[in-house]
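Participant:
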Amino acid sequence: MHYIYLLTFCKITLGLLFLISFLSKLRSFSQYVAIVNDFRLLPKSFTRLAAVLVLIGELAIVIFLFKWQVVAFYLASIMLVIFSAAFASVLVRNIQTKCNCFGTSQYPISQVDLLRNFGFLLCSCGGIWLATKPEVTGSLAPLHLGITGLIAFVFVLVWAQLGEIYRLFQTI
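One gets the working numbering by counting positions in the sequence shown from 1 and adding 1 to each.
Rendered as structure tokens:
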């Protein structure tokens, strides 16, 4: 019965996450393409295409959460694993580049970015599990939906800025 709250939390969290990410990359697309190129994972001629495919994938997740939530959760999981692998590759090769996942950043990718992605990946995998449980059906009352949405919104705002929060406490 209470699983519907968790499923709703996962849907709203991932919907907000990928919507914010999509909009921030779209707003400064040329800068995002340059960051993809800085990862040095693809030939330069493919970086623009890769950036466009990431944007399409992020928008697809947001749209699919309304009708095909299991597909959306799987796609989100795949994208988060790919992003994490790219981050790990950058860290292993000691490339000093920014993430710009949620807007422009002045700090290079760090292990905290991997932790952030892992948290969102847990949410996505939890969404897969919850969405496939036959007993998780129905919808929430508007007040419960609003409260769950507010909690998810705060979670995304805080967790997406995990690197900034970590750096803040490092300077203290």
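Glycine is no exception: its CB is placed at the ideal position from the N, C-alpha and C atoms.
(1) May I have a chain-ordered list of the beta strand (DSSP E) segments no shorter than 3 residues that lie completely inside the segment 76–144?
(2) Count the other CB atoms, across all protein chains shown, that sit within 10 Å of the CB of R117; report buried if there are 16 or more and exposed otherwise.
(3) Have a look at K12, L163, W69 and A77 and flag the residue whose alpha-carbon is nearest the alpha-carbon of R115.
(4) Would you identify the three-state DSSP class for T172, choosing helix, strand or coil?
(5) Can you find a C-beta in chain D that's less than 7 Å from the C-beta of F74?
(6) Near L200, what residues of its chain come up, given a Cβ to Cβ distance below 7 Å and the 5 sequence neighbours on each side ignored?
(7) Does DSSP put S31 in a helix, in a strand, or in coil?
(8) Am I right that F40 and A87 are in contact with their C-beta atoms under 8 Å? What's the rounded C-beta distance?
(9) Alpha carbon to alpha carbon, what distance is there between L141 and M80?
Facilitator: Reading it off the structure:
(1) Annotation: the segment 76–144 contains no complete segment of the beta strand (DSSP E) (minimum length 3 residues).
(2) Flag for R117 reads buried.
(3) The question names Arg, but residue 115 in the sequence shown is Leu. With distances taken between CA atoms, L115 lies nearest to L163 out of K12, L163, W69 and A77.
(4) If DSSP states are grouped into helix, strand and coil, T172 belongs with coil.
(5) Absent from the structure: chain D. Only one protein chain is present.
(6) With the chain covering only 2 through 173, there is no way to say anything about residue 200.
(7) In the structure shown, S31 sits in a helix (DSSP, three-state: H, G or I).
(8) F40 to A87, Cβ: 6 Å. Contact.
(9) Whole-angstrom Cα-Cα distance: 28 Å.
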